[in-house]
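A.B. asks: Questions regarding the structure given below will be posed in turn.
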Amino acid sequence: MRRQITGFSNPTVKFLRSLRDKKHRKEAGKFLAEGLRLLTDARESGFVPEVLVMAERRDPHPLIDALERDVIAGGGEVIETSDDILAKITGKDNPQAVAGVFSEFNTKLSVIDRSSAKIWLVAQALRDPGNLGTMLRTGDAVGAGGLILIDDCADPFSVEAVRASMGAVFTQKVAQAKWDDFLPWLRAGEGQLVAASLRDAVPYRGAPYAAPCFVLVGNESRGLPEDYELACDLRVTMPMRGRADSLNAAVAGAVLAYEVLAALD
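Residue numbers (my numbering): 1 to 265.
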């Protein structure tokens, strides 16, 4: 189905705008992704938008044509609208030419097959959607299986997190759980839990990493609770040579993930 929308008060425009709000995303079970590269990454990973929104004054591009064909073939909807309305939908003054609506993924721990990857990223109480998206992007870069979000984390399907993931939200498994559910699940099978720490830690270079390795990072300002650190199988420390006493949470996760990758390859 293909149609044109010209009015800001159109119910579809209001619905698409509402997906920028977590409450409405959860009610609808849908999320919004913007940009040709991101939507192409989704398509190449087997995810086709249910709704494709395109700017009327867009430059021709074969990837846009391919997206449009696949959306229509899958029974989805293609909408053409003005740049101003697209900006209203995405919340950006200079929106990209396309945006898409996808169904939120199953985020239960049961979606995780720990044997499918050597590395998994785990974030506890990560509040910044940019950091969350960066961790997804890091996971894709190191060949991780996915990202497990522990306790009260930012929404992985927010526009900001999806944008920061650079398409990795479609290549990485995403699971959400409370710590009291995650730890028994982890201990029910193979899996080494590793965190950066100052408590009885060894240098992160050359540490005895083992697959599948679950790399755990904590909240941006508070770090990990003490009992979470003590539950880890391995605690490692990274040198801080300057005045800063810690790294950004997503950066720390990336540094550690690459060290684990080097050790397990």
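Quick reminder that beta carbons are idealized off the backbone N, C-alpha and C, glycines included.
Check L186 in the structure and name its three-state DSSP category.
C.D. replies: For this step, residue 186 is matched to residue 186 along the sequence shown. DSSP places L186 in helix when its eight states are reduced to three.
A.B. asks: If we ignore side chains and look at the alpha-carbon of each, how far apart do L234 and E190 end up?
C.D. replies: In the sequence shown, counting from the first residue as 1, residue 234 sits at position 234. In the sequence shown, counting from the first residue as 1, residue 190 sits at position 190. Approximately 14 Å between the Cα atoms of the pair.
A.B. asks: Buried or exposed for D265, going by 16 or more other Cβ atoms inside 10 Å?
C.D. replies: One-based indexing of the sequence shown puts residue 265 at position 265. With fewer than 16 Cβ atoms within 10 Å of its Cβ, D265 is classed as exposed.
A.B. asks: Secondary structure at T40, three-state DSSP: helix, strand or coil?
C.D. replies: Residue 40 sits at position 40 when you count from the first residue of the sequence shown. Correct three-state label for T40: helix.
A.B. asks: Check whether the Cβ atoms of L266 and Q172 sit closer than 8 Å, and answer yes or no.
C.D. replies: Past the edges of the chain, shown from 1 to 265, lies residue 266, and the structure says nothing about it.
A.B. asks: Pick out whichever of M166, V142, A117, V101 has its Cα sitting closest to the Cα of M54.
C.D. replies: Translated into positions along the sequence shown, residue 54 becomes position 54. Selected option, being the one with the closest Cα: V101.
A.B. asks: If we count the other Cβ atoms within 10 Å of its Cβ and call it buried at 16 or more, is G91 buried or exposed?
C.D. replies: Position 91 of the sequence shown, counted from the start, is the residue given in the question as residue 91. It counts as exposed.
A.B. asks: In whole angstroms, what separates the C-alpha of I64 from that of A207?
C.D. replies: By one-based count along the sequence shown, residue 64 stands at place 64. By one-based count along the sequence shown, residue 207 stands at place 207. Approximately 46 Å, taken between the alpha carbons.
A.B. asks: Contact between the stretch 136-148 and the stretch 162-170: three or more CB pairs below 8 Å?
C.D. replies: At 8 Å Cβ cutoff, the stretches touch.
A.B. asks: Please identify the residue among Y204, V217, V159 whose C-alpha is closest to the C-alpha of W302.
C.D. replies: Past the edges of the chain, shown from 1 to 265, lies residue 302, and the structure says nothing about it.
A.B. asks: Taking three-plus beta-carbon pairs below 8 Å as touching, is the stretch 109-118 in contact with the stretch 67-75?
C.D. replies: At 8 Å Cβ cutoff, the stretches do not touch.
A.B. asks: From the DSSP output, which residues share a beta bridge with Q124?
C.D. replies: The residue labelled residue 124 in the question sits at position 124 within the sequence shown. Partner(s): I150.
A.B. asks: Assuming E80 and E56 form a contact by the criterion Cβ under 8 Å, report the distance between their Cβ atoms to the nearest whole angstrom.
C.D. replies: For the purposes of this step, residue 80 is identified with residue 80 of the sequence shown, where counting begins at 1. For the purposes of this step, residue 56 is identified with residue 56 of the sequence shown, where counting begins at 1. Right, the Cβ-Cβ distance comes to about 5 Å (below 8 Å), so this counts as a contact.
A.B. asks: Which residue marks the beginning of the beta strand (DSSP E) containing M135, and which one marks its end?
C.D. replies: Position 135 of the sequence shown, counting from 1, holds the residue named residue 135. Per DSSP, M135 belongs to no beta strand (DSSP E); it is in the alpha helix (DSSP H), 129-142.
A.B. asks: Should A99 and D93 be called a contact, given that it needs their Cβ atoms to be closer than 8 Å?
C.D. replies: Indexing the sequence shown from 1 puts residue 99 at position 99. Indexing the sequence shown from 1 puts residue 93 at position 93. No, these two residues do not count as a Cβ contact at 8 Å.
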